[in-house]
Each structure stands twice: as C-alpha cells, then as structure tokens.
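Asker: Reminder that position 105 of the sequence shown reads as 104 in numbering that gives the first Met the number 0, one-by-one numbering, no gaps. Even glycine gets a Cβ: it sits at the ideal position worked out from N, Cα and C. A single structure is presented below for examination.
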Amino acid sequence: MVDSEQRSPLLDGHGRTIGDVRISVTDRCNLRCTYCMPERQQVWLPREGTLRFEEITRLVSLLSTMGVHDVRLTGGEPLMRRGLPELVRQLTMLDQVQDLSLTTNGLLLERHIDELADAGLRRVNVSLDSLDPERYRHVTRRHGLERVLACLDALQRSGRLTPVKVNVVAMRGFTEQEVVGFAELARTRPFVVRFIEFMPLDADRAWRDEDVLTGAEVRSIIEAVHPLEPVERAASATAQRWRFRDGVGEMGFINPVSEPFCSDCNRIRITADGQLRTCLFSIRETDLLGPMRAGATDNDLERVIRDAVWRKELKHRIGDAGFVQPSRTMSAIGG
Ligand code: SF4
0 MVDSEQRSPL LDGHGRTIGD VRISVTDRCN LRCTYCMPER QQVWLPREGT LRFEEITRLV
60 SLLSTMGVHD VRLTGGEPLM RRGLPELVRQ LTMLDQVQDL SLTTNGLLLE RHIDELADAG
120 LRRVNVSLDS LDPERYRHVT RRHGLERVLA CLDALQRSGR LTPVKVNVVA MRGFTEQEVV
180 GFAELARTRP FVVRFIEFMP LDADRAWRDE DVLTGAEVRS IIEAVHPLEP VERAASATAQ
240 RWRFRDGVGE MGFINPVSEP FCSDCNRIRI TADGQLRTCL FSIRETDLLG PMRAGATDND
300 LERVIRDAVW RKELKHRIGD AGFVQPSRTM SAIGG
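Written out as structure tokens, the structure is:
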C-alpha cells in the first residue's frame, strides 16, 4: 500500500487544485445508449489490460495523499465488473477518501445495495433517460425500465445510499416529453433529478449542436408548471442547483455545452485500462498501467501524474472550430 504521508496538493497549470477522480472500472455495459455506445459493440478492453482492484486502490491511495479525496466509480456499467463491493471495501479503508460514489444505470443495483453500503459506498447516481418503457427501449436499445424503477424503490426503502441522484441526458426532440415527469419524480420522491446536456462523446459520432436541449430550455419547461429558485453552487460542482419555490424537491442542470463549468474544474479521470485523462474531452492520455506493472515506485507515479495534470486542458473546446471529438466513447471514459 502507498505510504500515507501527505504530499503537496495536485495542481494544474491554470491554478486549479484537483480533488476529484472518476475511475472507470470497466468499459462493458448492459445497455447501448444512442448517445454513447454503438448498436453493435466493437471490441471490449481485454481483461488482462484492465486495472486490477489493488492497482486502482494504489492509485486512489496515492492521489488521496495529494488531496484528491472524492472518488467516483463509473464504467461502462461498473456493476458489470465482478466483485465490485470488494473494491469499494478496499477504497473505504483509505483514510483520506472522503466521498465514495457510484454512477450506474441501475439495472443490476437492487440486489447489491446492502453489500455496497456495508462495504462503505456512500451514494449513487442512477442514469435514467425516460420514464416510458417504449421510449426507454428506444434510447437504450434494451428493455429494463421496470428494473431501474424497482431499483429506485429499493434505494428509497433502504435509505443507506444517499443522496440518490437521477441523471437524465437531455436530447432535443426526445427529452422534452420527459421533463415534467422527471420534475414530478423530484417532487414526490427523495431523489435529486439532474438533466445533463448531450455531449459529443457518442460512438456513432452523430452529435450535432442543434441536438442539444439546453439546461435553460429544460428549466423553462419545468418553470411553466413548477416555479424554481436557484441554490448556491458549490465550488467545482458540475451541476447548477435549483429547488422548487414551494420547497418540494430539487433539480440539477449540468450544462457543459451551453454553460461550461471548466474554470473551477477539479476533476481527473482514470480509464479501465489505466490511462489518466485530465479532461472528459482530452485527446491525449497518460499511461499509468504500464509504469505500474513495470515496477514504478510511488514517487515515479507521482511524477507522471503531476506532469500530466500540470498540462490539464483549460477547458473543453466544444463549438470551437478546432474541436476534436475524443476517440474514446463515453462508455470507455466513464461519467
Ligand atoms: S470539460 Fe474538461 S475541463 Fe471542463 S469541466 Fe469537464 S473535465 Fe473539466
């Protein structure tokens, strides 16, 4: 295990301090969402080329000594990775990990809630883009809405993983019909519902700016029915928070396209095959898996990480003439 002596904070070249790491534990998924995966999945990452749990724990431990205290486990679908509760247990043992969360599509979660909570998981984000079975099938190319809704019921009954955030990808021509239904969900259940603007990370490379239903547009649909008022945004948060003026429930709007929040970004990502990505839209990566398996010491790894983070992108360039969509799809980067 990494010695837990405190190291200096992890800074980028723009004066931002990194405090949050998103770790993709697999690129495999049991859905084929149109804004992410191709209909027919190409090739998955080879198992031997995937980070082992002890390697993930070593990286998180090292990062935590550099001030990175928030950890999010993502995929693909992280619950497709066998034994995930064991990884949660290992990460929970790290004193300097202050927040441990999971982003999941909810299809497999219901039967793991207690095991994950026992292992130390704190909270979950459940991705759900429609409350209608037929439309759910249309956007995910799979059936399963009833299982996700049953998972939300089980999360509410258990109350052990909180807050529960429901993330909805907002796409023009599809999501408008869902907005009020999701607002009602936020008003009637203990879930924070957040709309996320559609981003150019789709495998089909079909993303167009005009397909983005902006956060402001979604909010105006809600406000026509239920007035909202803003809640102060926490530093480095991705979501703009709004609560219903009558005090019943809260919504979030993650608007990377129309209202980027890069100026105080404190996030880095590690892919399932051990590549450090300093931005969701990075077009370059830094290999951590190779050096680790080649016997790199913690100090060696620290140097590699600091060097890469120092060159972290100032912001994404969506909409700029020079924007290049990353070669990795969302499923191989993680949310
Ligand atoms: S696009 Fe990149 S820089 Fe901007 S908030 Fe996301 S990860 Fe941070």
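#1: Take Arg141 and list the residues in its own chain whose beta-carbon comes closer than 8 Å to its own, dropping the five residues that flank it on each side.
#2: Determine the burial state of Thr296: buried for a count of at least 16 other Cβ atoms within 10 Å of its Cβ, exposed for fewer.
#3: Report yes if the C-beta of Glu196 is less than 8 Å from at least one heavy atom of ligand 1; otherwise report no.
#4: If you compare alpha carbons, which of Ala202, Ser281, Ala118 and Thr213 is closest to Ile195?
#5: Smallest Cα separation from Pro84: which of Thr102, His111 and Asn104?
#6: Tell me whether Phe260, by its Cβ, gets closer than 8 Å to a heavy atom of ligand 1.
#7: Give the straight-line distance between the Cα atoms of Asp319 and Val192, rounded to the nearest whole angstrom.
#8: If you drop the 5 nearest sequence neighbours on each side, which residues of the same chain put their C-beta closer than 6 Å to that of Arg156?
#9: Rounded to the nearest angstrom, how far is the Cβ of Tyr34 from that of Asp201, given a contact under 8 Å?
#10: Measuring straight from C-alpha to C-alpha, what distance separates Gln95 and His68?
#11: Less than 9 Å between the beta carbons of Gly74 and Ala271, yes or no?
#12: Can you tell me where the alpha helix (DSSP H) holding Phe181 begins and where it ends?
#13: Please state whether DSSP places Gln274 in a helix, a strand or coil.
#14: Ligand 1 and Leu275: does any heavy atom of the ligand fall closer than 8 Å to the residue's C-beta?
#15: Could you tell me how far apart the beta carbons of Ala236 and Phe252 are, in whole angstroms, since I believe they sit closer than 8 Å?
#16: Do the CB positions of Ser129 and Leu144 come within less than 9 Å of each other?
#17: Below 8 Å, how does it come out for the stretch 256-272 and the stretch 304-319: are there three or more Cβ pairs, yes or no?
#18: Is it the case that the CB of Pro77 approaches a heavy atom of ligand 1 more closely than 8 Å?
#19: Identify, in the order they occur along the chain, each residue of the same chain with its Cβ nearer than 7 Å to the Cβ of Val168, setting aside the five sequence neighbours on each side.
#20: Which value, in whole angstroms, describes the spacing of the CA atoms of Met0 and Leu61?
#21: Say yes only if the C-beta of Glu312 is nearer than 8 Å to one or more non-hydrogen atoms of ligand 1, and no if none qualify.
#22: Taking 7 Å as the limit between beta carbons, can you name the residues of its chain near Asp263, skipping five residues before and five after?
#23: Is it true that the CB of Leu10 sits closer than 9 Å to the CB of Ile304?
#24: Kindly indicate which residue of Ala215, Pro255, Ser23 and Thr56 has the alpha-carbon position closest to the one of Leu72.
#25: Could you tell me the alpha carbon to alpha carbon distance between Glu4 and Thr64, rounded to whole angstroms?
#26: Report the start-end ranges of each beta strand (DSSP E) in the stretch 142-174 that is 3 residues or longer and not cut off at the edges.
#27: Is the beta carbon of Leu227 sitting closer than 9 Å to the one on Leu58?
#28: From the DSSP secondary-structure annotation, give me the bridge partner or partners of Ile253.
#29: Quick one: is the Cβ of Cys278 within less than 8 Å of any heavy atom of ligand 1?
#30: For Arg242, does the three-state DSSP call read helix, strand or coil?
#31: Please confirm whether Glu183 and Ile220 have their CB atoms less than 9 Å apart.
#32: What residues are listed by DSSP as bridge partners for Thr285?
#33: Output yes or no for whether 9 Å exceeds the beta carbon distance between Thr91 and Ser126.
#34: Could you give the residue range of the beta strand (DSSP E) that holds Thr103?
#35: Here's a check: name, in chain order, each residue in its chain whose Cβ is nearer than 7 Å to the Cβ of Leu275, leaving out the five neighbours to either side.
Answerer: Considering the structure as presented:
#1: Asn29, Leu30 and Arg31
#2: The residue is exposed, with fewer than 16 neighbouring Cβ atoms inside 10 Å.
#3: no
#4: Thr213
#5: His111
#6: yes
#7: 30 Å
#8: none
#9: Right, the Cβ-Cβ distance comes to about 5 Å (below 8 Å), so this counts as a contact.
#10: 6 Å
#11: yes
#12: Val178 to Thr187
#13: strand
#14: no
#15: With 8 Å as the limit, Ala236 and Phe252 do not qualify as a contact, their Cβ atoms being about 11 Å apart.
#16: It is a contact, given that the beta carbons lie within the stated cut-off.
#17: Yes, the stretch 256-272 is in contact with the stretch 304-319.
#18: no
#19: Tyr34, Asp128, Ile195 and Phe197
#20: With a pLDDT of 48 at Met0, under the threshold of 50, the modelled position of this residue cannot be trusted; read the value that follows with caution. The alpha-carbon atoms of Met0 and Leu61 are separated by roughly 9 Å.
#21: Yes - ligand 1 has a heavy atom lying nearer than 8 Å to the Cβ of Glu312.
#22: Correct list, in chain order: Arg15, Ala234 and Ser235.
#23: Ile304 places its beta carbon 9 Å or farther from that of Leu10.
#24: Taking the Cα of Leu72 as reference, the smallest distance to any Cα among Ala215, Pro255, Ser23 and Thr56 is reached at Ser23.
#25: 7 Å
#26: 163-169
#27: no
#28: Ile195
#29: yes
#30: The three-state reading of DSSP puts Arg242 in strand, counting E and B together.
#31: Judged by their CB atoms, Glu183 and Ile220 are not nearer to each other than the 9 Å cut-off.
#32: Paired residues: Leu275.
#33: Going by C-beta atoms, Thr91 is not nearer than 9 Å to Ser126.
#34: Bounds of the beta strand (DSSP E) holding Thr103 are Asp98 to Thr103.
#35: The answer, listed in chain order, is Ile267, Ile269, Glu284, Thr285, Leu287, Ile304 and Ala307.
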